[in-house]
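Chains as they are written, first to last, in our numbering: chain A, 1 to 776; chain B, 1001 to 1544.
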């Protein structure tokens, strides 16, 4: 060392260590005064040799003897060359901005931390965290760290640029010259090394062969490094190219995470291999578990559409006691088959015009789905009235059973009608001189034109050849009928009027008698008429009384009158007064005396509080309960050979009587054939399935049967409108023509996704979504 | 409803429903996918009448009145078909034309889910978004004080111990004397809690197990999973993967005869045995797997006839006191595997948790205690049990831990906390908070279902139909038509993703504490909360 040339600054004065601040001031002052060669006799001072910009472009030589402190040459400038004679403490060259720093010995932890430019040559090994957080600024050459020996742990963490050369000569850790966990987080730069290593962060860095350009650079710089540390004799040892390797940072796109098998590979090669084919439950099930999409077809659909055509009865049919499939008649009308629509009724009732058209309260219309939505019901009376022209189809020969029908009213006619049409021989016996029971004898002609009823009775007579009128029967007669016939049907009605047990009761005339005599003109009711019992029969009596000249007509009742419909309307139109509650005390010559003491003047007093059957003529084998004949669900009495229908069983409407006749006939036919009668009727459709939005809610009056037909929603029976075909988003529905006029709408399961649009759009409620069959 | 139909007390309008369907006529292409996918048939094709009145006062022409119809999607209002807000319709809609949205007021439906006297039952969660765990902050961030670590660069060993740990001197004594040393497992502190084969669909269960196996074998993370009470597939029992499995035994003992039959053929011991006494979601309510879920597969695994409902009683029937219940069950379960497998009970968090814990401290075999808080999930429970029964996990766990500290046994009986951890998505933060309050690890269920299988449930009454087998994601269904929507491999992948990201987050929390090789169990000086009462109750710092 040529001490002569160097300006000496000591870190001690009077054997006392001076503060780092004072030493720094002395060095800066010396440089400011033009000193360019300075020797510092260090005594552990911090940061010696850095920040000496005052020397400008002039080279500055700093020699450090003694014990340099931490951060030797920190923030060094490019003009500065620092040579440390001996080992160095932590952080040599920290934030180095260009100085060349030579350490003739080992350096401790943190060498070159955050170094950006300059060079650090270490003649020994270095401690932990060397070359960490270094950078390369594009304006300058990359920083370099040369280490003759080995590096400590965590070398090169976060390294963001620069070149490190680790020579592995006289290394402190010769078996692993890169230390433990080097290069974690390295993003740029490269590290040349010579000797064994114990791994590095493979996700951040990559081992590469030394390229020719790299080797050329190394060869050029070996001499410089060895010269700086005074070990030129090592050149040949260093210059063995095959012993060198380089680790360079991976680029951002090149980073690798730990290489692992994919889940699929793992499933195949580990999971299924250990568990067996099919994995976890492959031994327990052979169900296909492969993934499926959310929208599926075929057997994978959760719901499937079902075309439930005519599975459910429409409300009109279901509520008609006679059971007429009204909607079918409207279908025929829509199809332009008016004649068939009219004739069809005769299969169900012998009185399609009289009852459906005039006398029935039309339960079908009350139940009509349209009605429940506040729309006008389809008007069956129009079709009913047209049915006067209905033609009886050709009758089969009466070759079946012989059946006696006692009673020629609507129930008796209905059962005989049905039996005859089925090829049985039905004979009617009636006490009256007229066929038709109440309809002929009691119901005022104001409610049904005489010609209509007569035309229908005529049609009935054509069908029923054997009618015996004015036949009063006794028990013995009925026993004889039993003997002469296979079956007897009792349809004698309720003919005994109920009478009030009050004084003067003999002055009352029973409503039925009154109505019958009114019809044949054999009664004059006088000016004042009081009718006890303001039901529909009472109303009929009022209308007839008015027709026969009565002026003041009063109907009284113990409660709010139960009369309704046309009967009530006609009575009110006739000027009848309704009074209630009125309790009759007695009947006098003047009229009716009430419990209140009031006297209602009357020339005629009619009693119309109902009728009860006359069952005296029935054989003892027929059980009677509370005045009515007991029957089972097939209208069979306790005598299996005898059936009973109509008011003798239960008071009801005309349609109830006609329906009972039809059902009893059906049961009787089955029983006659030795079968158990099938009385099940289709359940009524849930009207929520029907879409009335297709119809005009303002339609309150129908111009004719055609408009009625088009306005019928055809609940439960396909209208063949094709809306389902159109709405289906997958085109899965198609119309299939079957034999004759039959057709069906079918679903292609391979196209259908089970959306239910068909069910939602169907005006008639035919399509239903059913849960698909379970897959397991 | 039909226009003129009678209304009943339970007749509801769309306005009364918790979820309402917004449908755009302009955007809809009537493709049918929404109605096809709706799990509860809450929507259907509707026919709508559109009346157009065309009047012009000065026009010579007659005023017009035209009825047209159009078709569109209609929400059903019958309580039995109420929209559950799952949003599958929105998922399949190609035109973004449909979406359920939450009613802006308390719905009326809730008052009508008692039709026929049947109290409401459902699956899912409490639907209570708030909770104390999310409010806990990690306030001890060491920069210069402790050796702060870098979560991304440093090595971490995120492990915990499951098993009874002897005091060192006792341990050494037994080593010297060749005495019995309780088995202890070193496991990952995030455990997949008990969800049975049956409650979950086959691909969900297999996916979870496969993901756990992958984490162990490919990622080196010793994750374990509880079977829940529904047995364990025979193949898994006889595989090497059993070592990652905690077999649960509960009051129904379903599948346990199959497990007993498998013991001689087991290649490895299971991770542990969990004795379930209670479930946080529905304390005091038993389990019920409805008959329609009990198909051939479930029947085989549970060892029961198919097509019957399977109730698990709320209590084990032959146990009449804590001492007897705990001692008897723990002994039996240890014996089954020759005292080589840790056995611990799982209870609902309750004000009586401490009594159970104190009993365990006197039982030399108890391997730990799992405590399940009120925010836990369930496949099926009575609404009232879900919403109103139970105890929050934080204070229950804290009380137990501090009690162990008083006894000097905090390092001997590990506590595992569960119930609502990560219910708002903050899995690692919630887990770390519980660990620092004293848990050795946490159990999660719902979070896994959401992260790994895309469960649609949320804390706002969405979906919640786990109990009826119609899970639109196929997670809790036994119907192949639904569960085949779920791919076991996808589930496994998501389990892996979830654990790896959880691991990163947990490191981010513990690294500033200078912890890298041992969990900061009970390190409650790292916690703070801006709620004085909670801070006092949990004995953590009150920070504002």
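Don't be surprised by glycine CBs; every beta carbon is placed ideally from N, CA and C.
Rounded to whole angstroms, what's the CA-CA distance from residue i to residue j? Just pull it up for me.
i, j, result
"residue 602(A)", "residue 551(A)", "11 Å"
"residue 1437(B)", "residue 1100(B)", "40 Å"
"residue 1551(B)", "residue 1495(B)", "Any question about residue 1551(B) goes unanswered here, given that chain B covers just 1001 to 1544."
"residue 50(A)", "residue 75(A)", "5 Å"
"residue 1115(B)", "residue 1036(B)", "26 Å"
"residue 170(A)", "residue 157(A)", "24 Å"
"residue 1001(B)", "residue 678(A)", "Bear in mind that the predicted position of residue 1001(B) carries a pLDDT of just 45, short of 50, making it too unreliable to give a figure here."
"residue 328(A)", "residue 697(A)", "22 Å"
"residue 22(A)", "residue 66(A)", "17 Å"
"residue 240(A)", "residue 233(A)", "14 Å"
"residue 1009(B)", "residue 374(A)", "22 Å"
"residue 348(A)", "residue 321(A)", "10 Å"
"residue 445(A)", "residue 691(A)", "41 Å"
"residue 1(A)", "residue 39(A)", "Reliability fails at residue 1(A), whose pLDDT of 45 lies under 50, so the model's placement of it is uncertain and the value that follows must be treated cautiously. Approximately 10 Å, taken between the alpha carbons."
"residue 3(A)", "residue 45(A)", "Unreliable placement is indicated for residue 3(A), whose pLDDT of 49 sits below 50; the coordinate value is still reported in the next sentence. If you take the alpha carbons of residue 3(A) and residue 45(A), they lie about 21 Å apart."
"residue 405(A)", "residue 723(A)", "50 Å"
"residue 455(A)", "residue 486(A)", "31 Å"
"residue 412(A)", "residue 364(A)", "23 Å"
"residue 1429(B)", "residue 1330(B)", "33 Å"
Please list the partners that residue i has in chain A, where partner means a Cβ-to-Cβ separation under 7 Å.
i, result
"residue 1046(B)", "760"
"residue 1031(B)", "729"
"residue 1067(B)", "696"
"residue 1487(B)", "291"
Taking residue i as the query, report the chain A residues whose CB atoms sit under 8 Å from its CB, ordered along the chain.
i, result
"residue 1297(B)", "281, 284, 285, 287 and 776"
"residue 1035(B)", "755, 756, 757 and 760"
"residue 1493(B)", "263"
Compute the beta-carbon to beta-carbon distance between residue i and residue j, rounded to the nearest angstrom, for a pair I have assumed lies under 8 Å.
i, j, result
"residue 398(A)", "residue 424(A)", "7 Å"
"residue 1460(B)", "residue 1102(B)", "6 Å"
"residue 566(A)", "residue 441(A)", "At roughly 18 Å, the Cβ-Cβ gap does not stay under 8 Å, so residue 566(A) and residue 441(A) are not in contact."
"residue 611(A)", "residue 491(A)", "Incorrect: roughly 15 Å between the Cβ atoms, too far for contact."
"residue 1516(B)", "residue 1155(B)", "6 Å"
"residue 1526(B)", "residue 1513(B)", "6 Å"
"residue 1510(B)", "residue 1432(B)", "7 Å"
"residue 134(A)", "residue 97(A)", "Between residue 97(A) and residue 134(A) the Cβ distance is about 12 Å, and since that is not below 8 Å, they are no contact."
Going by DSSP, name the residue or residues bridged to residue i.
i, result
"residue 1272(B)", "1246(B)"
"residue 402(A)", "425(A)"
"residue 1311(B)", "1288(B)"
"residue 1502(B)", "In DSSP, residue 1502(B) forms no bridge with anything."
"residue 1543(B)", "According to DSSP, which records beta bridges pairwise, residue 1543(B) is partnered with nothing at all."
Below 7 Å on C-beta distance, what does residue i contact in chain B?
i, result
"residue 782(A)", "As displayed, chain A neither begins before 1 nor continues past 776, which places residue 782(A) out of reach and without an answer."
"residue 702(A)", "Neighbours of residue 702(A) on chain B: none; closest Cβ ~16 Å, over 7 Å."
Strictly below 9 Å CB to CB, what residues from chain B border residue i?
i, result
"residue 155(A)", "Those within 9 Å of residue 155(A) in chain B number zero; the least Cβ separation is about 13 Å."
List, in chain order, every chain A residue whose beta-carbon is nearer than 9 Å to that of residue i.
i, result
"residue 1092(B)", "294 and 295"
Within the segment 478-563 of chain A, note down every full beta strand (DSSP E) run reaching 3 residues or more, in order along the chain. 487-490, 508-510, 528-532 and 552-556
Inside the segment 1-26 of chain A only - beta strand (DSSP E) runs reaching at least 3 residues: 7-10
For the segment 1160-1208 of chain B, which segments carrying the beta strand (DSSP E) assignment without a break, of at least 3 residues, lie completely within its bounds, in sequence order? 1160-1163, 1184-1187 and 1190-1192
Where in the segment 24-111 of chain A do unbroken runs of the beta strand (DSSP E), each at least 3 residues long, occur, reported from the N-terminal end onward? 37-43, 60-67, 80-84 and 97-103
If you scan the segment 1328-1414 of chain B from start to end, which runs of the beta strand (DSSP E) of 3 or more residues do you find wholly inside it? 1343-1348, 1369-1372 and 1378-1382
Uninterrupted beta strand (DSSP E) stretches inside the segment 136-212 of chain A (no shorter than 3 residues): 144-147, 160-166, 188-194 and 205-208
Could you tell me which whole alpha helix (DSSP H) segments of length 4 or greater appear in the segment 257-296 of chain A? 263-266 and 272-275
Secondary structure, beta strand (DSSP E): runs of 3+ residues fully inside the segment 1056-1099 of chain B: 1064-1075
By the 8 Å beta-carbon criterion, what residues does the segment 1501-1526 of chain B contribute toward chain C? Within the model displayed, chain C is absent; protein chains A and B are what it includes.
For the segment 344-397 of chain A, list the alpha helix (DSSP H) runs that are entirely contained and at least 4 residues long, ordered along the chain. 363-367, 369-372 and 380-386
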